[in-house]
Every structure is written in structure tokens, then in C-alpha cells.
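Here's the structure, in C-alpha cells; my notes come after.
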Amino acid sequence: MMNTTKRILVFCAYCFNALYGQAQSEDPLTFQDSINSHSLETITVLGTTNVRRNNTYSFSLKEVKPLVSVVGETDVLRYIGTLPGVSQGMEGGLGFFVRGSNTGNNRIELDDVPVYGSDHLFGLFSTIPSEVVDQVTFRNGKLPAISGDFLSSLVKIATIQPDAAKYRGNLSVSPFMAGLSVNGPLIKNRLSFQAAGRISLLRPEIQLIKAMTDMEGDVLPEVADLYVKVHYQVNHRHAVNLSHYYSNDYFKYRHVEESRLESSSNTVEENWGNKIVRLSWNWKIKESMQLNTMVYYNYFASGQRQRTTSNGQQTNELRLQTLLQEWAAQSAWSYRTNDLIAGAGLQAKSQQIRPAAEKVYVGEASSENHYSFNPDYFAKMCSGYADLEYKYKRFTPSIGYRINYYFIENQRILDNNLRLALAVELSKETGLEISYDQLSQFHHIVEGLPTGWSLDLILPSTPLYKPEKARQYYAGGFWSNKQALLSAGVYYKNMDNLTSYKNASNIFGVQNANWMDEVVTGKGESYGLELRAEKREERWNAAASYTLSKTDRLFADINQDKKFPFKFDRRHILNLTGQVLTRKRESSNQQLNMMLAFSSGHHITLPIAMYQGIEPPYWRQQSVIYVPPKEEENALYRQLMSGTNEYLLPSYLRVDISYSFLRIGKRFTHEFVIGIFNVLNRHNPYLIFYEDDRWKQLSIFPILPSVKWSLSF
Amino acid sequence: MKSWIITLTGWMLIASALYACVQELPFDVKETELPVVNCILTNDTLQTLSLTQSVKITDGYAFQEIQEARISLWAEEVKIGEFERKSYGNWQLRYQPEAGIHYRLQVQLPDGKELTATTAMPEKTQLTADREKNSYPSKYFRQLTAENPCWVFILGEETWAADLMHPVPSSKVKLHEIIGTDHPRVDRFNEEGNLVDLVSRATTPAYAYYVRIQPSPVSNEEGIPFCMQTNFGPYGFIFFRTASEEYDQYLKSSLQKLFVYKSEDDPIQWFDENKVYSNISNGAGIFAAYQDNYYYFFDNYDFFNDEYH
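Here the protein sequences come in this chain order: A and B.
Following my numbering, the numbering of the first sequence begins with 16 at its first residue and continues without gaps.
Following my numbering, the numbering of the second sequence begins with 505 at its first residue and continues without gaps.
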């Protein structure tokens, strides 16, 4: 009986926390401390119940594991792509576009600290080791005022609390990655730790393939991440956490050309990663009230280097670098009773931002000459917020207010955000929800690139590039019980001060050093219908999400100042997921997982005609004997381009299947998962181009099997 | 079991190497044919224009001329005259534009279609040469006015007799591929490393073919001092082309496209292509204006040849 009571208490506390108070809580499991303070001797968290509402979806590894990724890694961010209101970017990648916003408008928080570079391997999987994740909460509306500096969705990733009594661990291996995680006590019930890391196996594998074949060039990818946390439970009221998070991606490609007269090489290197150090103090003032204080240091850098050599001599070197450093402190007070939830706090942060496209040339003769034209920006922001939610009979109104005071280059910007919501309980199982959110983002991640990976240009808000602003309206309803959920809603969102490249391709040109000429500001608008259905049974469960939406952009100097479709404006998006427990024994389980992803194709701009041009001054009087044909063609002729994003690519369809074997032993649990990404081997067009007198398509991923083995104790 | 896993892993690695495939696609691109008019007004007494038809991407570069048309030039809404067809696709009007005047081009086609565009003839950029400071590889100037963008390029010839080149560049004179400047308002869009890697004693960044000086207010009477650098030969020209807003956008966007899509092997060609600026309504092409002045040098003796053009 006692156990049951504890379970219910845990369950209720968790639901309450996740649904209403999650924003105020430093860690979803802090309620465990609260229960401890009620003189319960020990407690075991038996599982978490996920919140499913119109604007809020929380999920744990259990939901994420069945999804097949390109590299076979369990990825908490991949699940977001299956939810309503989310449009996919590049196939197989993690770029997600929520309710018409850019992928850089999402805020991904790891224990309340923003992660600016969340992608490994150009967006194929996330930098968050899944073994450290307890629960993820995705919100695309009804956003709490505690979180700011974003324009679209809020993804809060909460890490697990290290086990204070015994050691637990997990070892996993897939063809691409190997991972290890351990957590347990350092001093029983007082000081505990958690460590998890992954490292890529690609480098030795490629070297092995090279040794076995006559593969040309030299490709060296390296991927690694690490998360370490130490938890100190001072007493039942005070706890301290110190954590470090690190991720690194390095990719090198070297191509050598040799002839009798000359040997030349071209080396391209890409490198990006995060470093976060976080210290937090959780003070439970009384059962209904707590204070969470946190300081952190956040570092994100992304760099590219290209070197050319001729006969062993370096001829040129180009470097591009984006850097963001952030120092922040915040304190959040929260109070909650059965009817009332209140929160308030202060946040301060200081940022150093170095926009991409810093160029440094190191030529043979100019080894002492380094050019670095783009200055760093230093910005500071102070924010205050308050959230209030009160339940009165069937009505639960809530209000959030956030004020931001932003300084940069002797300029000051005062910014206010108001967030309103009303939930109406029609019956035990049905309800309505309306919400209004004002959002501001004080850094720009310039859109226009077709990829959505972390090499995008990061700019601070300045008087020239003002903070991005959005207003979002939502109305919907839901019906749910223990086994099923149906939800439906409509939204309208408009956005100001968005940034985009005029011609995204220019950023790839080595000559382009001046990003300011390439970036323009504009507006966006999006509206749509979102539906979600879920059914859970003992041996199977299934979910479906459907989105019908339209998203446009309007930018100066793009598309002759006329409105155009957003690149990833997909009219229809349908995602189906399902799991069937095919075998259930005390010591083993087997499960079949399926996923179907269908969406309208994305938009592209195409050349539709050629015409005579006016050549650049004295172009034909060059002293060089040979001008590459493509260069000559572009000097003499012009392509007439279609309207921006005027063409719609064919629809996207993909089916993934995986099968997992779970063997539960006395000491160890083994899991073996075989997955097939794109089992139909459908070549979904990523882009099309004209070559050799015909139109061709480029597809990224054909059928792709994956396998992963893991052992946990 | 173990060997099965190794086999599977090996097979997966091979499958991974097959990432990204290209195949033909039956795709219905609504290609279009448009009338194309190109006309750049210069500070010459004869203005030229081309009137052709665009072709489909799938066709070659044989641009059909449009023979029948009525093409008028208007200055501040006063008709200046009509262009006359002189040869295949080429039309001419004897007229010297005036700086500061707004011009409108009107092309009326037999099918009733009308193409229009506007531009303004810019004021010539005022410069002075600081000849006494010149030393290889630098030639020094002061920019006194900078209301309009200015494009700088250098023509030279080492063996050609100077008097055959002067006062106008002959067809034998060569365009320098890499030039440098320390102008504070230079646009870095076509920067290509350091000039010292190609030219000894150079101190500036290198730019491909052209230097674009952005417009800016000139606050002091002494102007903006700057130098131009390249591997100067004994004879040559430094051109300063003051561009209308339309010519500036057209030339810059043309060069950006040219530089980005240099190589057919470059995967950049697969991304959405750059757009080249056009200001012709109901058609394609460009109507713009520029004024040239140039600096002629001959061994150690320099002229500032404003009067020649």
C-alpha cells in the first residue's frame, strides 16, 4: 500500500511539474527531494508519464528509441520531427522548422542552458548523448516566460539524476559510434556522479577501407561528445550540481593531384563544437516553494579551413570562423499549490559573438600577414520574468511577462514579451486551450541555407539587425484518457526582423568575406492546422501527426521585394509511428517499430531561361589563355531564374523499420537493434539541377541499414 | 552470431559509402522565352542597345534578334530620340547623356508588349593622383567625391608601344586578373588572399579583376587617400568607373555568380543558383549607366586623363 502511495505521489508530482511547473523547476526530478522531505525513507522513480497537450509534448527515451536514424544512434531530437507543426529540413538531418520559423529560432536547452550547436556530422544526429537524458519537453506554444531569446519552439532536455545508492551504466556500439555511460554514488546518498561519452568509429573504419581498396583522397571524420555531472545533496533542502558538456566535430578531406610536372593538394577541414560548464544550487525553502540559482559558461565555435599546396609549398589558406561565448547567471523562484503556480526570476548574460566569414590568409610570402576584418560583438542582456497560473473551477488562466534589457555597442533595446493562455476543462477527458505568445530573439542565425546545420552564420542583434519578433495565436482542443489522445488546433504566427542571405550560394564562395552585404532582413507569416492522435495498448501503440500549413517570407532585395514561399513550407506533413511488442517474456522482449514520413516537397529556385548579357569590363582582354567554360558562360550570358522558391519538388515519402531484441539478465541487460532507414529505397529528391542537357535530381539517402548493440547494468 | 554481425557491419559500411546519388528526373520546368534588352548609357556620344529573345535552358546560345520594335529614350520624361537598328540585334542612338539626369527606356514590341526601365547617369567620381608618392607596386590617389559606387580595374601591356594605347586602350591591352587596394570603403566580395603572394612588396589584400568602392560621405576636403597595387608594367590604365545603382547591382551580381559557379565539378552548382540583377519590366536584361575616367601611366611619367573621356 505504501508503495502504491509513493507511486501515485511520484506520478502526480511529476505530471504536475511537467505540465505546469516545469519551467520553474531546475530538474524534473527535484520533486523527489520534496517527497523525501515528507519523511519517506526511500523512493524509486518507477517511470515518468509524458504530458501530451496541444502545445506541449514531453517524451522520454522509451518513445525515442524505436525511431530509426541514419547512423543508428538513439537521438532525442529526432522525435521532434514526428510531432505536429514541425517541418523537416534536409533529409535525414535534424533541422526542424516549427510553425514557419527557421531552424535557428528553436531553443534547445540542456538543463536550462542553451545548446547552440546541437548537430553532429552535418546534422545527421544530435550532440546530446541519449543515456544522460531523462525527459524532453517540446513546446511550440503556451511558452513560459522563464525562457526567452527564441522565436519558435522550446526544447527542454532534462538530464537524469545520478543514482545516489548504486552504480548503473551502459555500453553501446554501432558501426558509427561507441558510447559509455556510468552513474552512481561517490558518497552514498550524498555525493553522486554521472559520466557519458561517445566517440565515432568512422576514422578507423575509413582507414581500413582505404587500406583494402584504392579509394582516392583522404577523408577523416571525428565525432565525440561528453557529459559529466556531479550532484551533491547537502541536506534535504539544499542540493548543488556541477556539470560539463562537450561536443566536437572534425571533418577533413584532402585531395591530391599529381602529374609529371606538379603535385598539388587541396585540404578542407571543418570543425565545430560546444563547451558548457554549469553550476546550480537548488534551495527548497519549503514544500511549496523553491529557489533555483545557476551560473554557466557556454562556448560554441564553428570553423572552416581550406589549404592549397603546390609541390609541397603552401600557396594559400582560407579560414572562416564563427564564435559565440556566453556567461550567464540566473535565479528562479517558484511557488506552487494545488490551484496556484507562480514563478519569478532574474537572468543576466554577457555574450561575445564573432560572426562567420572571418578570413585569414596565410600565403607563402605573406605568412606574417593575417587579415581579420570582422570585429567581435559584445552584448549584454538582463531579463526579468514572472509567470502566474491559477485554477478556478474549470478555468485555468495563465499569464507570463518577460522584460529584456539588451545592450550592444552603446545601443540599448528595451523589449517586452507578454504570454497569455486559457485552458478550459469541458469534462474529465476533454478540454480547450487558447494561447497568445510574444517572442523575441536577440541573435540571428541567418536563414537561406538549404541545410540547417550548425555552420550557419550567427549574428547578434544590432541597430541594423534588430531583434527578431514573433506573435503567435493558437486555439485548439483535446480529448484524452489513459490509452488515447486526440488533439486538434489552429495557429497563426507572424515574424519580423528575420534575416536571410540574398543569395545563399555566395556564402560558399571563397571570395565572399563581407557577410553584411549578403544579409537582408524581412518578415514571415505562417498559419496552419495541427492534428495528433495516439493510442496505447499493452502490446502495441501508435501515433499519427498531421499538419496542414502555409508559410511565406517577404525580404527586401529578394524576389523583387515580393512575397515568396519559405523553402521548407510543406503544405502537408504526415507522420505515423507504431510499435508492436512481438515477444514478451520475463527475461526477454522483442519489438517491431515502424515509421512513415510523408510530406509535400520543399521549394527551390530554378533557372528557366538563358539570355545575352553584358560582359564585365574588358573581360575578353584577359592575359590568361584558359578561362574555365563555366566562368566564361557566366561572364557572357545570364540565366533567368524562376521566382524565389517558386518550384515545388515531388513529395517526400520514407518508411523506416527496426526490430529490437532485449535480453534481461540478473546483472546485465543486452539490447540489439537492427534498423532500416528508407526501407522502400525511395530516392527522394533533395534538389534538382540541369546538367548534360537534362534535369537531374540529387538524393541524399537511399536504403540504409543500421545496427546497434548495447549493454546496461 | 559474431561473424554475422561483422558481415552485417561491413555491408552497412559499403551501403553508407553509397550516400548521395544522382539520377535523371523527368521534371516539368516551365521554361520561358522573354524579350531581352541590354543598354548601358555611357559618357560617349553614341549609345548602343541590344534587343534579343531569351532561349530555353535546354537550347544553345543562339539568341534570336527582335527586328521590329520602337525603342525610345526619355530624359526627365522628355523624349530624347529613338534607337535605330544597325545590325543583327544591335541598335544605336547618337546622344551624350548628362550626369544627374534620370533616364527612362521604353521598348514597344509589335505584339503590344512594352518593356520599360529607368536609371540615372551618375556624377563622375572626383579623384586626384598623388604622383609623387608612387613607387612600385603602388599608385596613390585621393577620392574627393563618393556619392556613387565606383569600380576600379587596371589594364596594362608590357611590350606594346604606349602611343598606340593612348588615349584609348587598344584591344591589345590586357586586364589585370589580380589587383589590390587599401581603400577603406572597398567591398570585399571578391577578395582573394594577399597580393604579396603574387606581387613582391605589395601590402594590400588581393581582389579578382575589379575593386568595388562603396559610396560614402566624404567628410574632409583632402578626400579619402588610397593606393592601387598590382604588378604594374611600363604602360597602362587605371580605370575608375562610376556606376549608377543599376549598373552596380548588375555588375556585382554577375561577378558573384561568375565566381561562385567557377567549376563544373563544384557541388555548389547544385544549390539554388544566384540571381543576376535585372530592372527590365516585362522582360529581362539591364538598363543602366556609368561614367569612366582613367589614369594613364607611361614608365615613370603619369597623366591624369580626365579630359580624354
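Don't be surprised by glycine CBs; every beta carbon is placed ideally from N, CA and C.
For residue i, which residues in chain A fall below 7 Å Cβ to Cβ?
| i | result |
| --- | --- |
| Cys525 (chain B) | His698, Ser714 and Pro717 |
| Ala603 (chain B) | Residues of chain A passing the Cβ test: none, with the nearest at roughly 19 Å. |
| Val559 (chain B) | Ala624 and Met625 |
Can you name the residues of chain B whose CB is closer than 7 Å to the CB of residue i?
| i | result |
| --- | --- |
| Gln637 (chain A) | Lys678, Leu679 and Glu681 |
| Ile703 (chain A) | Leu529 and Phe531 |
| Leu621 (chain A) | Val533 |
Under the three-state reduction of DSSP, which class applies to residue i: helix, strand or coil?
| i | result |
| --- | --- |
| Gly491 (chain A) | strand |
| Lys599 (chain A) | strand |
| Asp701 (chain B) | helix |
| Trp81 (chain A) | The question names Trp, but residue 81 (chain A) is Pro in the sequence shown. Pro81 (chain A) falls in the coil class under three-state DSSP. |
| Tyr182 (chain A) | coil |
| Ile544 (chain B) | strand |
| Thr89 (chain A) | coil |
| Glu545 (chain A) | strand |
Let's test the definition: count the other Cβ atoms within 10 Å of the Cβ of residue i and tell me whether it reaches 16, buried, or not, exposed.
| i | result |
| --- | --- |
| Ile575 (chain B) | buried |
| Ile202 (chain A) | exposed |
| Leu61 (chain A) | No answer about Leu61 (chain A) holds up, because its pLDDT of 39 lies below 50 and its placement is not dependable. |
| Glu580 (chain B) | exposed |
| His251 (chain A) | exposed |
| Phe728 (chain A) | exposed |
| Thr592 (chain A) | buried |
| Met505 (chain B) | Because Met505 (chain B) carries a pLDDT of 36, less than 50, the predicted location of this residue cannot be relied on, and the following value inherits that uncertainty. With fewer than 16 Cβ atoms within 10 Å of its Cβ, Met505 (chain B) is classed as exposed. |
| Ser720 (chain B) | exposed |
| Tyr800 (chain B) | buried |
| Thr63 (chain A) | Confidence at Thr63 (chain A) is low in this model, with a pLDDT of 47, below 50, so the placement of that residue should be treated as unreliable; the coordinate-derived value is given next. Buried, since its Cβ has 16 or more Cβ neighbours within 10 Å. |
| Met309 (chain A) | buried |
| Cys731 (chain B) | buried |
| Ser413 (chain A) | buried |
| Phe683 (chain A) | exposed |
With a Cβ-Cβ cutoff of 8 Å, do residue i and residue j count as a contact?
| i | j | result |
| --- | --- | --- |
| Arg427 (chain A) | Asp391 (chain A) | no |
| Tyr794 (chain B) | Thr552 (chain B) | no |
| Gly492 (chain A) | Ala503 (chain A) | yes |
| Glu88 (chain A) | Ser162 (chain A) | no |
| Arg605 (chain A) | Ser675 (chain A) | The residue asked about is misnamed: residue 605 (chain A) is Gln in this sequence, not Arg. Yes, the Cβ-Cβ distance between Gln605 (chain A) and Ser675 (chain A) is below 8 Å. |
| Tyr311 (chain A) | Ala343 (chain A) | yes |
| Gly740 (chain B) | Pro709 (chain B) | no |
| Leu136 (chain A) | Pro236 (chain A) | yes |
| Val91 (chain A) | Gly107 (chain A) | no |
Closer than 8 Å by beta-carbon distance: list the chain B residues that pair up with residue i, in chain order.
| i | result |
| --- | --- |
| Trp710 (chain A) | Glu528, Leu529, Pro530, Phe531 and Val533 |
| Leu730 (chain A) | There is simply no residue 730 (chain A) to check, as chain A begins at 16 and stops at 728 in what is shown. |
| Tyr268 (chain A) | Per Cβ cutoff of 8 Å: no residues; Tyr268 (chain A) is ~12 Å from chain B at best. |
| Asn649 (chain A) | Ser758, Lys761, Leu762 and Tyr765 |
Mind checking if residue i is an interface residue toward chain C, Cβ cutoff 8 Å exclusive?
| i | result |
| --- | --- |
| Leu759 (chain B) | Reference to chain C is not applicable here, since the protein chains of this structure are A and B. |
Counting only Cβ pairs nearer than 8 Å, list the residues of chain A close to residue i.
| i | result |
| --- | --- |
| Asn786 (chain B) | Per Cβ cutoff of 8 Å: no residues; Asn786 (chain B) is ~13 Å from chain A at best. |
| Arg745 (chain B) | Pro632 |
| Asn542 (chain B) | Gln627, Gly628 and Ile629 |
| Ser537 (chain B) | Reading the sequence as shown, one finds Glu at residue 537 (chain B) and not Ser. Correct list: Ala624. |
State yes or no: is the C-beta of residue i nearer than 7 Å to some heavy atom of the ligand PLP?
| i | result |
| --- | --- |
| Pro631 (chain A) | Although the ligand PLP was asked about, the structure shown includes no ligands whatsoever. |
Under 9 Å Cβ-Cβ, which residues of chain A neighbour residue i?
| i | result |
| --- | --- |
| Phe567 (chain B) | Met625, Tyr626, Gln627 and Tyr652 |
| Gly789 (chain B) | Tyr626, Gln627, Gly628, Ile629 and Arg653 |
| Tyr714 (chain B) | Pro631 and Pro632 |
Count the CB pairs spanning the region 635–644 of chain A and the region 545–553 of chain A that are closer than 8 Å, and state whether there are at least three. The count of Cβ pairs closer than 8 Å, one atom from the region 635–644 of chain A and one from the region 545–553 of chain A, stays below three, leaving the stretches out of contact.
Counting pairs of Cβ atoms below 8 Å between the region 642–658 of chain B and the region 727–734 of chain B, do you hit three or more? The region 642–658 of chain B vs the region 727–734 of chain B: in contact.
Three Cβ pairs or more, each shorter than 8 Å: is that satisfied between the region 358–368 of chain A and the region 435–451 of chain A? Judged by pairs of C-beta atoms under 8 Å, the region 358–368 of chain A does not touch the region 435–451 of chain A, as fewer than three such pairs exist.
Any contact between the region 676–692 of chain A and the region 716–725 of chain A? By contact I mean 3 or more CB pairs, one from each, below 8 Å. Here the region 676–692 of chain A lies against the region 716–725 of chain A, with 3 or more beta-carbon pairs under 8 Å apart.
Examine the Cβ distances between the region 574–587 of chain A and the region 97–113 of chain A and report whether three or more of them are shorter than 8 Å. These segments touch.
Does the region 233–244 of chain A come within contact of the region 139–150 of chain A, defined as at least 3 CB pairs closer than 8 Å? By the C-beta criterion, the region 233–244 of chain A is judged to be in contact with the region 139–150 of chain A, since at least 3 inter-stretch pairs fall below 8 Å.
How about the region 122–134 of chain A and the region 555–562 of chain A: do they share at least three Cβ pairs that are nearer than 8 Å? The way I'd put it, the region 122–134 of chain A doesn't touch the region 555–562 of chain A; fewer than three beta-carbon pairs between them come closer than 8 Å.
Between the region 559–577 of chain B and the region 619–635 of chain A, can you find at least three pairs of beta-carbon atoms closer than 8 Å? Output reads yes: the region 559–577 of chain B touches the region 619–635 of chain A.
Using a Cβ distance threshold of 8 Å, determine whether the region 246–260 of chain A contacts the region 268–282 of chain A, with at least three qualifying pairs required. With the cut-off at 8 Å, the region 246–260 of chain A and the region 268–282 of chain A do not touch.
Say whether the region 450–461 of chain A touches the region 416–433 of chain A, bearing in mind that this needs 3 or more beta-carbon pairs closer than 8 Å, one atom from each stretch. The region 450–461 of chain A vs the region 416–433 of chain A: in contact.
Is the region 196–215 of chain A touching the region 169–183 of chain A, taking contact as three or more C-beta pairs under 8 Å? Output reads yes: the region 169–183 of chain A touches the region 196–215 of chain A.
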